[in-house]
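In full-length UniProt numbering, the protein residues as written are 1 to 324.
Heads up, the thing below is written out as structure tokens.
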């Protein structure tokens, strides 16, 4: 069974749809159908059956699915072992990231990494946290850069993924210029209007968690929007307050479109992590990228200013030491 056929089979099994699977594996729908037929002919059994809700795995398909996942993992490990034994440091890597991390952290950093590692070709994909983890599971990306969340699924995922926290990104309370002071406690702050991303987004998770952990009621939302950029513009227009990672709004803060306000209580941070698949032998190119990202991706944070909410560089270093 060729790995290409197994990858297509898994894409169909997970999406239960030929069209969506074709988008995942970057093939025409007809090619996906042909590959499934070829795999069924090789194995002598039907792998899918049609249902009202989409394609469903037959008993033969259900039996093949975990084995196909193991075979693709072994295929990747075999390639990594051969490259390591041959002393090769070249290769192609695909990294995935949230849009804010890609623009604020990876875009300034990648040219320097590639200048120092000209034999490594890097591609970057931008997606949400859930999509990044699915792409990592499917082998479409080699490493994901995102914000960690405490309710991340444990169990099987922990067996497949390794992760490292590389920074504690400060969360900031932002408002329109001229907003004036904000209440000194979260209960009163929660009575004001806020702008936040939609449920399911990592930034919404940060927002909800900040109030829930303090035992405060969730604030009223003036708007739910799909991007941090839209949040910054709405806040600047006076729609409400927002709680966002500072790295997502540096330009708006620098221009004075929005201003940072004091957050009542303990300072909030968002762990910036890189996640990759566990392998007995890791791709040499990926090892170099992980090492470089750990050492140079996030600049040291400046010492905290009174009322600014900035974390000290010592805290960032201590967090990394704890999670490395």
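Virtual Cβ for every residue (Gly too), placed ideally from N, Cα, C.
For residue 224, the uninterrupted beta strand (DSSP E) run begins and ends at 220-225, by DSSP. With contacts defined as CB atoms closer than 9 Å, residue 171 and residue 265 fail to qualify as a contacting pair.
The beta carbon of residue 141 lies closer than 8 Å to those of 94, 95, 96, 125, 132 and 135 in the same chain, with the five residues before and after it left out. Of 295, 45, 101 and 52, the smallest CA-CA separation from residue 62 is found for 45. Counting of Cβ neighbours within 10 angstroms places residue 67 among the exposed residues, the total staying below 16. With three or more CB-CB distances shorter than 8 Å, the region 258-277 counts as touching the region 201-215. Beta-bridge pairing by DSSP links residue 125 to 96.
For residue 91, the closest alpha carbon among the candidates 101, 103, 106 and 114 is that of 114. Here DSSP, grouped into helix, strand and coil, assigns residue 237 to coil. Under a 10 Å Cβ-count criterion, residue 219 is classified as buried, with 16 or more other Cβ atoms of the shown protein chains found around its own Cβ.
Within the region 234-276, the runs of alpha helix (DSSP H) at least 4 residues long that lie entirely inside it are, in chain order, 250-255. In this structure, DSSP gives residue 197 an extended state, which the three-state scheme calls strand. By the neighbour-count criterion, in which 16 or more other beta carbons inside 10 Å mark a residue as buried, residue 121 falls on the exposed side.
For residue 182, there is no enclosing beta strand (DSSP E), since its DSSP letter is neither H nor E. Counting only residues of its own chain and dropping the five nearest sequence neighbours on each side, residue 270 has a CB closer than 7 Å to the CB of 147, 169, 171, 206 and 245. In the structure shown, residue 25 adopts helical secondary structure according to DSSP, grouped into three states. Distance from residue 72 to residue 3 at the Cβ level is roughly 6 Å; contact confirmed, criterion being Cβ atoms closer than 8 Å. Per DSSP, the unbroken alpha helix (DSSP H) holding residue 284 starts and ends at 284-296. Counting of Cβ neighbours within 10 angstroms places residue 100 among the buried residues, the total reaching 16 or more. Pairwise C-beta distances place the region 50-59 out of contact with the region 251-261, as fewer than three of them are shorter than 8 Å. Just so you know, the alpha carbons of residue 166 and residue 47 end up roughly 42 Å apart.
DSSP places residue 166 in the uninterrupted beta strand (DSSP E) bounded by 161-175. When DSSP states are grouped into helix, strand and coil, residue 120 belongs to the strand group.
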